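Sequence order for the protein chains is A, B, C and D. The opening residue of the first sequence carries number 60 in our numbering; numbering runs sequentially from there. The opening residue of the second sequence carries number 11 in our numbering; numbering runs sequentially from there. The opening residue of the third sequence carries number 263 in our numbering; numbering runs sequentially from there. The opening residue of the fourth sequence carries number 73 in our numbering; numbering runs sequentially from there. First the structure, in the form of structure tokens, and then the observations on it.
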Amino acid sequence: MAAFANILVGGVFHAAVLFLVAAGLQLVFGVQKIVNLACGSFYALGAYFGITFIQYATQLGISPWLILPGLIISGILLGFIGPPIERMLRSVYGRDESFQLLLTFALVLMFQDVFKFVWGANPRALDSAYLIYGIIRTGDFSVPVYNLLVIAAAVVTAAGLGAFLQRTNYGRILRATAENRDMAEALGVDVRRIYSIVFTLGAVLGTTAGALVVPTAAASLDMAIEFVIEAFAVVVIGGLGSMRGALVGALIVGLIRAYSIVFFPELEVLAIYMIVIAVLIFRPAGLFGRSLA
Amino acid sequence: MAISRRTLLTSAAAVGALSASGQVFAPAIAQNKPLRIGILAPRAGIAAAPGENGIRATQWAVERYNAQGGIAGRKIELVIEEESSPKDTIERFSKLVQQEKVDCVQGIISTGVGLALGPVVEESRALTIYWDGTTQDGVVEKIPNPRYLFRSTDNECEAIMSSLLTIKYWKGKFVTVAGINPDYSYGRNNMAAFIAVLKRFNIEHKVVTEQWPKVGTMDLTSHVAALKAAKPDLIFSSLLFADLPVFMKQAHAAGLTEGTKLVFPAAGWQHTLMKKEFTPEGMLFGHNTLYFANPNASSLAKEFVAWYEKTYKDYPEWEADRAYFAIASYKAAVEKAAKAKGGNWPSQDDIIDTMVGLSVESLGGKGSWRKDHIADQTFVQGLTTHKNNYDFVTLGTFETMYSTELQKPPGADFWEWIKTAQFKV
Amino acid sequence: MKVSPAAIVALCGTCALALLPAVVPPYYAGLMIPFFGYAIALLGFNLLFGYTGQLSFGHAMFLGFGAYGAAVMSGVLGIKSFELVLLTVMVASAAIALPMGLLCVRYVGIFFGMLTLAFGMLFHSFLFKFYSVTGGDSGMRVPRMNILGLEFAQYNKIEFLAGPFYYYCLGILVVAGFVMWRIVHSPFGLHLRTIRDNARKAEYLGVHVHRFRLAAFVISAAFGAAGGAILGFRIGLADPELVYWTQSGQLVFMAVLGGFANFFGPIIGALTFTLLQDQLQSLTEYWRFVLGAILALIVIGFPEGIAGLANDLWRRLARRVA
Amino acid sequence: MTVLLETRNLSKVFDAFRALDRVNLAIHDGELVSVVGPNGAGKTTLVNLLTGLLAPTDGQVLFMGKNISGVGPVELAEHGLARAFQLIQIFPKLTVAETIAAAVISRQKKRWRLFSRLAADDPINKRVGEVAGIFGLRHRLDTVSAVLSQGEKKLLDVASAFALDPQVILLDEPTSGVSTADKHTIMKTLIAAAKLAGVKAIVLIEHDMDLVAAYSHRIIALSEGQVLADLPPDRFFSDPHLIETVIGKRRGH
């Protein structure tokens, strides 16, 4: 029984990580119809910067118990990269979608060398931080409290984003702009500012996710490129642009991956792609996406 | 190559200076054209760290050699290019050989790239020394008995040594075995080699689960859960990239590592990240051909480690030794061939012929070249300890073995060899 | 019959490339082989992107079909004739692209890009996973083949690549270019362009939008495989790196760098990219940053790409002369 | 007179909204039939059903006796039913000649010719020249559509539909956005072009009553998805109650 619980928690944990990565991508696409290939780079940036931020904080004597809020703050601080990048993307809004996609691909190339230049080739990690909040252990079942906090963070983000988009006034404006940009503009919505804020929010979601998850793992140079694949798998399954889709997509990928690792270890990555293809055939717009001819 | 009288005089003067500085070697005629060596190493992505280790060790060696007059009187100039995908690396190699006209190419860490580049090396007739990256798959067929290519020890040596030490330390103390290895030829072959050696010594064992995470996976919690469910007595893992410390951290958090025997032949690549918090003592830990804190290391090695630590605030791993061995053995071969030719600069064929059978003192200990152009080097593996003043684990008890005991003889089939070889345990 | 400017450009380009090996050191002649591979693949890619308005972000997959096809045929089956391999991989790639295309062509814009990216990554993980069949990360060997039935045994592979094979690839590029020129200037080609500009209106003019998008997808797959076979032959190995998503991104980069609105744009883009990457790699360890910055500059400042710039310059010159 | 286009109690329901309710109409050879009615009367839905863009909820659309319900515009273009749009639809990067040629290619069934040079295909180019001539666009053949004037774009949109040599052509407010002075000249050009192109019947969706009065053989009034009237112009305009409904002052019965 404990083994089942371990596997379940492992799957949910991976789903939480995936959702945090995909949420930023979904938000930006949902409102601005931009597919941000650099979502992995924002995630890696959050991870690297989170490590430096916490190491600096511990040198200043700040108690290790404050690591979680510290990481979240470091993720939010990185929000400053949002507006300039959005400003760059704005210069190609009028043009074909492929130009925006390509611009984010340029970002991926540039960020690759920024990581190596600033943080060097060796993988970086926060070692003492992971178990600071202890481990819950009953019999064979055990899970670090930090993992549960990451899951909680994903749930809070999902709920927060959902509430923000559905209930707040600002959220409605965002959805209106997403639905029909020209109409929103006609109704006096400053779309330019909205896009800047949405893109920054998307970026912050990515960087904070990276910072939050790094204590359980490490930051390495190939992360930015590898994470794009899993984030896209989640988004294709869930449906491009739908936040609920990202949540369900993340859960599906997380759990299927966890169970295939236990029962068919050979299939692991392929299991995820089997789902992606199945969704493409039967629900091409994804489970929650709007089908576009 | 007509040597003008003027160069004759200046080189004679150089020779005088050299001998004064205790440099034994005194070539009668030294071309003063610098000796250009091409380096091909990863500088981005997941293999950037070992690539950096190799480049730094080569630069250190070149500085030391140039301070003593270079190789056979010629100063060494390094031309560094990046090893990335097989296609791009072949282009960079061609640039080094055809455009930069380097005298020797050294480098290559990835297996895939090494196998792709092999035939190109032979076609280009360019002396090339690999640092790493040759696993059994396809090696025989893709680069059969090379002339210009010198390849590192087979990548399975560390697995063979770990298997032998596992039997030595824990024979009869384990039955269920689990594997978690990177999903590419290196990981696959190491796991298979481990099982083959257990069978060779008919050790009773039962493989309960085999995990194959993709290289660089950052979330291994599900793999750890699967391993825990299988309740193994022993875990064999040749993880060696950034995923290794992540696995240890997540395994420790899940209580997987307590009471389970751990056999990690390639952990040395990430040794500074294997922190004491999550890496237990008594784990079989492979440092391959360079253990930085080896008490009976040579003064050369101690000097290198001290330099590395002072310059980079870090400790080197075996890729540094592989790079050093490449350039040190090249230097020794060139100088020996030059002496044999009475001081004239030796041809590439002379150097190659001298290289075979040559043995040199590398950072991690003795190293030599076999007649099939595969290296023999000294391997170090042992059980981890926390009793040190670093924040990561080092080796408590450890063994040193020469690869002649760990590597199939020239021309033999690896899997057959395991079944028949006389291993000294 | 007035010789069209395009014919002049094609002629000059071919002559320049023909003279290249005599002028530049052999390394650069060898460097041109991947350029030929990419140029041929980009002709197909641009039929889909520039002419039909569909951006495929998994196009490296078709180069992979070509390379692995060549590996299977010459490495495993021992087939020696490169022409046979070339034709077979083109047909095979087209055959695989058919069912895949049926799925993808119902989508446009970003959705189409995402689907092709997903398929590309599926093929990459398939190559990695079934290593017993595909050799996994060490890939599959592509042994040397003869061209036009000739062995050229007197050349070793390096000389062979920089010599006979160079001209052979130039020939294939010229043929491929001519074939694609005819396609693009045929009734079929015009209907593709109507789909790009206004698919709804095109339908009302009797244009089979879905079927034609699928046809363009299949043709681009065939051209991609031809390019992949040449790449595989040059490297001597077909490996999963060839189909990784960043390679597909690089193909789009070349097309936009050259100017996808122009027929010769992608070919110019492939040439510029190959030389640029070669020079940058020797210049700095951080060459990816520079490439990324150049891509951003092109996308923002010069969306018409090099061909567009050349056209503007030519027009300004012509106006000043006239 | 033979019936070309016919609907049999054609209905279309979007969720709860009944856009069309058992519409029966017939277009005969040689007729110009106008369809009028206030906004929301179901005119656009009718056009979309007639051109196969939408499938009817129930009832049928028959063209030359064949059931073409929901067949899609591509099939219909082949059968000879063309449509020009209310909002101008052109191909921005293609020239006038290429836009017209696209239709001619479909008409002459040369769409699958992958290797023949379009420029050298005389039958196509001859036909393109003729159609351009009819619509006074011959001097603009090599101009890229995006730079044409609004009026020229309108003409091109309609010309490309005519180039299909359709039996029946459906004009959705062809003169919208054109100055009142030019409206009649455009209508005369269209009708003359129709004769030249061998078009047998025209369906005109129009708000402008004096155009409808001037050129229609028959007028169908739609209100709230139902056919209010199907009369020749003289009887149509003699019924004040009908006019008010159509112009939209008073809701229909």
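Even glycine gets a Cβ: it sits at the ideal position worked out from N, Cα and C. Small disclaimer: the values here were computed from a predicted structure and weren't measured.
Residue i: contacting residues in chain C (beta-carbon distance under 9 angstroms)
i      : result
D/F234 : In chain order: nothing, as chain C lies at least about 11 angstroms away.
Cβ of residue i within 8 angstroms of any chain A Cβ
i      : result
C/K391 : yes
C/V367 : no
B/W141 : no
C/T508 : yes
B/F433 : no
7 angstroms Cβ cut-off: residues of chain B touching residue i
i      : result
A/M282 : M228
Chain B within 8 angstroms of residue i, Cβ atoms only
i      : result
A/Y107 : no
C/G234 : This structure cannot speak to residue 234 of chain C, because chain C is shown only from 263 to 584.
A/Y102 : no
C/Q543 : yes
A/N65  : yes
Cutoff 8 angstroms: residue i Cβ touching any chain D Cβ
i      : result
C/G486 : no
C/P449 : yes
C/R462 : yes
Beta-carbon neighbours of residue i, restricted to chain B and to distances below 8 angstroms
i      : result
C/K419 : P129, V130, E133
A/Q118 : By Cβ distance, chain B contributes nothing, its closest Cβ being about 15 angstroms from A/Q118, past 8 angstroms.
Within-8 angstroms CB hit, residue i to chain C
i      : result
D/V146 : yes
D/A173 : yes
A/A309 : no
A/M302 : no
B/G122 : yes
B/Q8   : The structure shown has nothing for residue 8 of chain B, since chain B only spans 11 to 435.
B/I100 : yes
7 angstroms CB neighbourhood of residue i in its chain, flanking five on each side removed
i      : result
B/A342 : L368, V370
B/F103 : L50, V115, L127, V130
8 angstroms Cβ shell around residue i - same chain, five flanking residues per side excluded
i      : result
A/F347 : G297, G298, S301, R303, G304, V307
D/M259 : P246, T247, L283, A286, Y287
CA-to-CA distance, residue j to residue i, given in whole angstroms
i      : j      : result
D/V271 : D/I292 : 20 angstroms
A/W178 : C/I556 : 23 angstroms
A/E285 : A/F101 : 13 angstroms
C/V351 : C/N524 : 28 angstroms
B/W1   : B/H215 : Any question about residue 1 of chain B goes unanswered here, given that chain B covers just 11 to 435.
B/I56  : B/A252 : 7 angstroms
D/D214 : D/I172 : 11 angstroms
D/S141 : C/R455 : 28 angstroms
D/A273 : D/A266 : 8 angstroms
Same chain, Cβ closer than 6 angstroms to residue i, five either side skipped, listed in chain order
i      : result
B/V34  : Unreliable placement is indicated for B/V34, whose pLDDT of 47 sits below 50; the coordinate value is still reported in the next sentence. Correct list: empty, nothing qualifies.
A/A212 : L271
C/A272 : none
B/Y140 : I118, G124, R161, S162
C/F634 : Any property of residue 634 of chain C remains undetermined from this structure, which presents chain C solely from 263 to 584.
Proximal residues of chain A, C-beta to C-beta of residue i below 8 angstroms
i      : result
C/V561 : V151, F158, L161, L162, A165
C/A558 : M147, L162, A165, L166, M169
Partners in chain C for residue i, counting only beta-carbon separations shorter than 7 angstroms
i      : result
B/Q109 : P287, Y289
(message) Short of 8 angstroms Cβ to Cβ, which residues in the segment 342 to 357 of chain C face chain B?
(response) none
(request) Below 8 angstroms between beta carbons is the criterion; list the residues of the segment 68 to 85 of chain A that meet it against any residue of chain C, in chain order. (result) none
(request) Name, going along the chain, the residues of the segment 507 to 533 of chain C whose beta-carbon falls closer than 8 angstroms to a beta-carbon of chain A. (result) W507, T508, G511, V514, F515, V518
(message) For the segment 192 to 222 of chain B, list every residue whose C-beta sits within 9 angstroms of some C-beta in chain C, in sequence order.
(response) Going along the segment 192 to 222 of chain B in chain order, one finds D193, Y194, S195, Y196, R198, W222 with a Cβ nearer than 9 angstroms to chain C.
(request) Using a Cβ-Cβ cut-off of less than 8 angstroms, give me the residues of the segment 48 to 60 of chain B that come near chain A, in sequence order. (result) R53, A54, G55, I56, A58, A59
(request) Taking only beta carbons into account, state which residues of the segment 264 to 295 of chain B come closer than 8 angstroms to chain A, listed in chain order. (result) Answer set for the segment 264 to 295 of chain B: A264, G265, Q280, T282, L283, K285, E287, F288.
(message) Using a Cβ-Cβ cutoff of 9 angstroms, what residues of the segment 358 to 380 of chain B are near chain A? List them in chain order.
(response) Within the segment 358 to 380 of chain B, no residue qualifies.
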